[in-house]
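Asks: Throughout the sequence shown, residue numbering follows the numbering used here, covering 28 to 458 in sequence.
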Amino acid sequence: MATDVVMPRLSDSMEEGTVLKWLVEEGGEVKRGEPLVEIETDKANMTYEADTDGVLIEVIAEEGDTLPVGEPIARIGEPGETASAKPQKADEKTPDTGSEAPEEEGAEAAVATEEPEAPQRARPAAPSNGDGRVKASPVARRMAREMGVELARLEGSGPGGRIVKADVEAAAKGDGAEAPVRERAPAETPSAAAEPARAEAGAKGEVEVYELSRLQQTISRRMAESKATAPDFALSLDVDMTAAVELRTRLKEVTDPAPSFNDMVVKAVAVALRESPRVNGAYRDGKFELYSRVNVGIAVAAQDALVVPTVFDADGKSLGEISRKARELAEKVRDGKITPPEVSGGTFTVSNLGMFGIESFTAIINPPQAALLTVGALKRKPAVDERGFVVARDQMTLTLVCDHRILYGADGAQFLARVRELLEQPLSLAL
């Protein structure tokens with residue numbers, strides 16, 4: 028008996044998800060624990076694994092569809108089992124099975140009077156799902172759009188006459204049922220990013236309008252809420268990183284890659300957070316929340332978004348462990364493989380723009396956290412030593428942005444001074 032695959036809840040805050048890509052074609056074999064579908068959530072894109080063995084007999088949610096958590100997105104059954112007919116919606120009219128061929132999204136309907144071709148043998152119409160749409164797998168639909176193949180003109184070789192990947196490939200090569208290829212418009216060019224909608228040119232020229240991804244929508248909402256509700260203030264100071272530079276030079280001799288300066292900052296922050304519980308807390312509904320775990324988030328630039336993966340229990344990790352974990356998380360973000368649990372549970376955030384030459388900056392607090400630390404560029408600057416001489420020293424500017432509802436000036440200043448102390452005497456960080 029067929030079982031439903033429902034939209035899974037992949038994070039505590041997830042209410043709905045978007046199907047990005049089916050990794051198993053309709054009619055294909057499904058094995059428990061193997062990747063089935065890629066889903067976009069409010070926190071990240073992740074791969075969902077099948078929880079049962081069988082055959083993917085029906086795809087309910089096509090690529091690009093957004094459904095609430097718990098809604099069916101597919102059905103898995105036994106080999107040879109057929110999918111049940113989809114119920115017709117009340118506001119949908121019964122499709123006319125007469126002279127009109129069903130329309131495929133983004134493609135013109137195949138009308139006999141518009142074909143200036145010689146008469147050809149009669150072909151059965153492509154099978155329909157009962158709602159006027161051609162029966163085709165999501166993979167076949169995507170390939171048809173990319174190759175300019177009209178699905179309505181193909182004969183499917185899949186279960187129940189469904190059009191599958193092989194049918195589209197054959198049609199594109201001219202080996203299968205005839206499929207006229209139309210020239211693809213520029214807006215139809217396949218792209219990893221969302222294609223823009225174009226508006227008429229005006230005083231500002233041609234306008235391109237991009238839809239936000241679910242992750243971008245979440246970031247926009249959370250940052251707007253934070254800026255509107257958290258009365259923040261910022262504290263800055265310079266840190267003499269000369270000893271830290273010397274330590275990293277020595278670490279390079281024994282390990283490759285050596286921990287970065289940002290790894291040292293994360294370690295120093297974690298130690299200071301353990302000593303400053305309010306900085307490791309949050310303001311919620313007129314109350315303070317103080318957390319027993321020190322989980323430091325590291326801001327990482329992803330494609331068209333900012334993702335903050337978490338180094339859990341950073342105060343209990345060695346500098347080497349923090350370095351390896353931070354590198355692993357950054358790679359996952361850039362490869363689009365980060366999972367919701369890895370971007371949840373943060374109690375503090377570190378954001379570094381020093382690699383772009385930015386000497387100092389402020390940022391928006393990641394709600395509901397109490398504070399965020401920004402890290403500027405490490406540069407050689409003039410400084411006065413203990414003898415009164417001007418010397419060149421490696422320096423870096425740190426800025427602490429605080430939520431004034433839970434942290435006051437003295438709280439932030441003491442925490443920031445402790446971070447500076449740890450970075451200027453960094454041997455303890457390497458233990």
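Every residue gets a Cβ at the ideal spot worked out from N, C-alpha and C, and that includes glycine.
Quick one: is Thr68 buried, meaning 16 or more other Cβ sit within 10 Å of its Cβ, or exposed?
Replies: For the purposes of this step, residue 68 is taken as residue 41 along the sequence shown, with counting starting at 1. By the neighbour-count criterion, in which 16 or more other beta carbons inside 10 Å mark a residue as buried, Thr68 falls on the buried side.
Asks: Under 8 Å by Cβ, that's how I've got Leu264 and Leu425 pegged, so tell me the actual separation to the nearest angstrom.
Replies: Along the sequence shown, one-based indexing puts residue 264 at 237. Along the sequence shown, one-based indexing puts residue 425 at 398. That pair is a contact at about 6 Å.
Asks: Helix, strand or coil: which one does DSSP assign to Arg407?
Replies: Position 380 of the sequence shown, counting from 1, holds the residue named residue 407. Secondary structure of Arg407 (DSSP, three-state): strand.
Asks: If we call anything under 8 Å between Cβ atoms a contact, is Ile433 one with Arg305?
Replies: Taking the first residue of the sequence shown as position 1, residue 433 is located at position 406. Taking the first residue of the sequence shown as position 1, residue 305 is located at position 278. The answer is yes: Cβ separation under 8 Å.
Asks: Quick check on Gln243: does DSSP put it in helix, strand or coil?
Replies: Within the sequence shown, numbered from 1, the residue matching residue 243 stands at position 216. Three-state DSSP puts Gln243 in a helix.
Asks: Who are the near neighbours of Leu356 in its chain, counting only those whose CB is closer than 6 Å to its CB and skipping five residues on each side?
Replies: Translated into positions along the sequence shown, residue 356 becomes position 329. Non-local beta-carbon contacts of Leu356 in its own chain, meaning distances under 6 Å to residues more than five positions away in sequence, involve Pro336 in chain order.
Asks: For the alpha helix (DSSP H) containing Met291, name the first residue and the last one.
Replies: Position 264 of the sequence shown, counted from the first residue, corresponds to residue 291. Per DSSP, Met291 belongs to the alpha helix (DSSP H) from Phe288 to Glu302.
Asks: Residues in its own chain within less than 8 Å of Val292 by CB, not counting five upstream and five downstream?
Replies: Taking the first residue of the sequence shown as position 1, residue 292 is located at position 265. Excluding sequence neighbours, Val292 sits near Val377, Asn379, Leu400, Val402, Leu425, Val446 and Leu450.
Asks: For Ala163, which of helix, strand or coil comes out of DSSP?
Replies: Residue 163 sits at position 136 when you count from the first residue of the sequence shown. The answer is strand: DSSP assigns Ala163 an E or B state.
Asks: Examine the Cβ distances between the region 340-351 and the region 51-60 and report whether three or more of them are shorter than 8 Å.
Replies: no
Asks: Considering Thr376, what are the terminal residues of the beta strand (DSSP E) in which it resides?
Replies: On the sequence shown, residue 376 is found 349 positions in, with the first residue counted as 1. Judged by DSSP secondary structure, Thr376 falls within the beta strand (DSSP E) whose first and last residues are Phe375 to Asn379.
Asks: Helix, strand or coil for Lys279, going by three-state DSSP, please let me know.
Replies: Taking the sequence shown and counting its residues from 1, one reaches residue 279 at position 252. Three-state result, Lys279: helix.
Asks: Since Gly436 is in the alpha helix (DSSP H), which residue starts that stretch and which ends it?
Replies: Translated into positions along the sequence shown, residue 436 becomes position 409. Segment Gly436 to Glu451, the alpha helix (DSSP H) holding Gly436.
Asks: Just checking my contact of Gly381 with Gly324 at CB under 8 Å: how many whole Å lie between their CB atoms?
Replies: Locating residue 381 in the sequence shown gives position 354, where the first residue counts as 1. Locating residue 324 in the sequence shown gives position 297, where the first residue counts as 1. The Cβ separation is near 17 Å, so there is no contact.
Asks: My assumption, with CB atoms under 8 Å, is that Leu443 sits in contact with Leu427. Please give the rounded CB distance.
Replies: Here residue 443 refers to the residue found at position 416 when the sequence shown is read from its first residue. Here residue 427 refers to the residue found at position 400 when the sequence shown is read from its first residue. The Cβ separation is near 5 Å, so the contact holds.
Asks: Under the rule that 16 or more other beta-carbon atoms within 10 Å means buried, what is Pro286, buried or exposed?
Replies: Stepping through the sequence shown from its first residue, residue 286 is reached at position 259. The residue in question, Pro286, is buried, as its Cβ has 16 or more Cβ neighbours within 10 Å.
Asks: Using the three-state DSSP reduction, which class does Pro368 fall into: helix, strand or coil?
Replies: Locating residue 368 in the sequence shown gives position 341, counting from the first residue. The answer is helix: DSSP assigns Pro368 an H, G or I state.
Asks: In angstroms with no decimal places, state the Cα-to-Cα distance between Met34 and Arg180.
Replies: Within the sequence shown, numbered from 1, the residue matching residue 34 stands at position 7. Within the sequence shown, numbered from 1, the residue matching residue 180 stands at position 153. Each residue's Cα considered, the two are about 32 Å apart.
Asks: On the premise that Phe260 lies in contact with His431, defined as a C-beta separation below 8 Å, what is that separation, rounded to the nearest angstrom?
Replies: In the sequence shown, the residue the question calls residue 431 occupies position 404. In the sequence shown, the residue the question calls residue 260 occupies position 233. Indeed, because the Cβ distance is near 6 Å, the residues count as touching under 8 Å.
Asks: Straight-line CA distance for Glu131 to Gly188?
Replies: Position 104 of the sequence shown, counted from the start, is the residue given in the question as residue 131. Position 161 of the sequence shown, counted from the start, is the residue given in the question as residue 188. Residue placement at Glu131 is poorly supported in this model, since its pLDDT is 41, which falls under 50; the coordinates are not used for a value here.
Asks: My understanding is that Val370 touches Ala353, with C-beta atoms under 8 Å, so please give their C-beta distance in whole angstroms.
Replies: As a working note, residue 370 is residue 343 in the sequence shown. As a working note, residue 353 is residue 326 in the sequence shown. Cβ atoms of Val370 and Ala353 stay farther apart than 8 Å, at about 14 Å.
Asks: Short of 7 Å in beta carbon distance, which residues of its chain neighbour Leu3, apart from the five on each side in sequence? Order them along the chain.
Replies: Limits of the chain in this structure are 28 at one end and 458 at the other, which puts residue 3 out of reach.
Asks: Express the C-alpha separation of Leu454 and Asp412 in angstroms, rounding to a whole number.
Replies: Position 385 of the sequence shown holds residue 412. Position 427 of the sequence shown holds residue 454. Cα to Cα, Asp412 sits roughly 21 Å from Leu454.
Asks: Pro395 and Ala309 - do their beta-carbons sit closer together than 8 Å?
Replies: As a position in the sequence shown, residue 309 is number 282, starting the count at 1. As a position in the sequence shown, residue 395 is number 368, starting the count at 1. Result yes, Cβ atoms of Ala309 and Pro395 sit closer than 8 Å.
Asks: Below 8 Å on the Cβ atoms is my contact criterion, and I expect Pro89 with Arg168 to pass it. Report the Cβ-Cβ distance as a whole number of Å.
Replies: Counting from 1 along the sequence shown, the entry for residue 89 is found at position 62. Counting from 1 along the sequence shown, the entry for residue 168 is found at position 141. Checking the sequence, you will find Glu at residue 89 rather than Pro. With 8 Å as the limit, Glu89 and Arg168 qualify as a contact, their Cβ atoms being about 7 Å apart.
Asks: Specify the secondary structure class of Thr461 as computed by DSSP and reduced to three states.
Replies: Past the edges of the chain, shown from 28 to 458, lies residue 461, and the structure says nothing about it.
Asks: Comparing C-alpha positions only, which one of Ala295, Val327, Trp49 and Ile365 sits nearest to Asp340?
Replies: Mapped onto the sequence shown, residue 340 falls at position 313. Checking every option, the nearest Cα to that of Asp340 belongs to Ala295.
Asks: Return the chain-ordered list of same chain residues with a C-beta closer than 7 Å to the C-beta of Ala390, the five sequence neighbours on each side being excluded.
Replies: Taking the sequence shown and counting its residues from 1, the one referred to as residue 390 is at position 363. Only Ser378, Leu399, Thr401 and Val428 meet the Cβ criterion.
Asks: Quick check: Arg241 and Thr45, are their CB atoms within less than 8 Å of each other?
Replies: Here residue 241 corresponds to residue number 214 of the sequence shown, with the count starting at 1. Here residue 45 corresponds to residue number 18 of the sequence shown, with the count starting at 1. A contact, by the Cβ cut-off of 8 Å.
Asks: Is Met34 helix, strand or coil when you go by DSSP?
Replies: As a position in the sequence shown, residue 34 is number 7, starting the count at 1. In the structure shown, Met34 sits in coil (DSSP, three-state: anything other than H, G, I, E or B).
Asks: For the candidate residues Ala29, Ala329 and Leu300, whose alpha-carbon lies nearest to that of Arg320?
Replies: Your numbering for residue 320 matches position 293 in the sequence shown. Per the Cα distances, Leu300.
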